[in-house]
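Data block below; observations after.
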Amino acid sequence: MKHNNILIVDDEEKYVEMLARRLELRGLKCAFCFDGKTGIRMLTDRSYDLIILDLRLPDMYGTEVLMEMKKINPDIKVLILTGHGSETDREECMSKGAY
Numbered sequence: 874m875k876h877n878n879i880l881i882v883d884d885e886e887k888y889v890e891m892l893a894r895r896l897e898l899r900g901l902k903c904a905f906c907f908d909g910k911t912g913i914r915m916l917t918d919r920s921y922d923l924i925i926l927d928l929r930l931p932d933m934y935g936t937e938v939l940m941e942m943k944k945i946n947p948d949i950k951v952l953i954l955t956g957h958g959s960e961t962d963r964e965e966c967m968s969k970g971a972y
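In the working numbering, the protein residues as written are 874 to 972.
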């Protein structure tokens, strides 16, 4: 499946803008936000092929966001990216359906 519509949820604004720009140069459509609640709301308003989700957000932990997103769309593909993760975080995210 080709992922054309991507939602990036990360609180590092410069990183998000850079990542979105690079993905758009490859023909992908990106939307982004900087906190978990907004990301969940955006998923209820629109369909995305892939979510790129930070583990540590200012308002919610990434696994909480992941679980809420999976309630909205159990088949949504979620890729967790973080600079602060641990093996325990990895295992927990994968057990909840993230990549």
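Heads up, the beta-carbon is just placed ideally off N, CA and C, and yes, glycines get one too.
Per DSSP, what kind of secondary structure is L952 in: helix, strand or coil? Against the sequence shown, residue 952 aligns to sequence position 79. Correct three-state label for L952: strand.
Which whole-angstrom value describes the C-beta separation of L923 and K950, a residue pair presumed to lie in contact below a C-beta threshold of 8 Å? One-based indexing of the sequence shown puts residue 923 at position 50. One-based indexing of the sequence shown puts residue 950 at position 77. Sure, about 5 Å apart at Cβ, within 8 Å.
C-alpha distance - E965 paired with M915, whole-angstrom precision: Here residue 965 is taken as the residue at index 92 of the sequence shown, counted from 1. Here residue 915 is taken as the residue at index 42 of the sequence shown, counted from 1. Spanning the two alpha carbons is a distance of roughly 24 Å.
Pairwise C-alpha distance: E890 and R929: The residue you call residue 929 lines up with position 56 of the sequence shown. The residue you call residue 890 lines up with position 17 of the sequence shown. When rounded, the distance between both Cα atoms is 18 Å.
Could you give the first and the last residue of the continuous beta strand (DSSP E) run that contains A904? In the sequence shown, the residue the question calls residue 904 occupies position 31. 902-906 is the span of the beta strand (DSSP E), which, as asked, contains A904.
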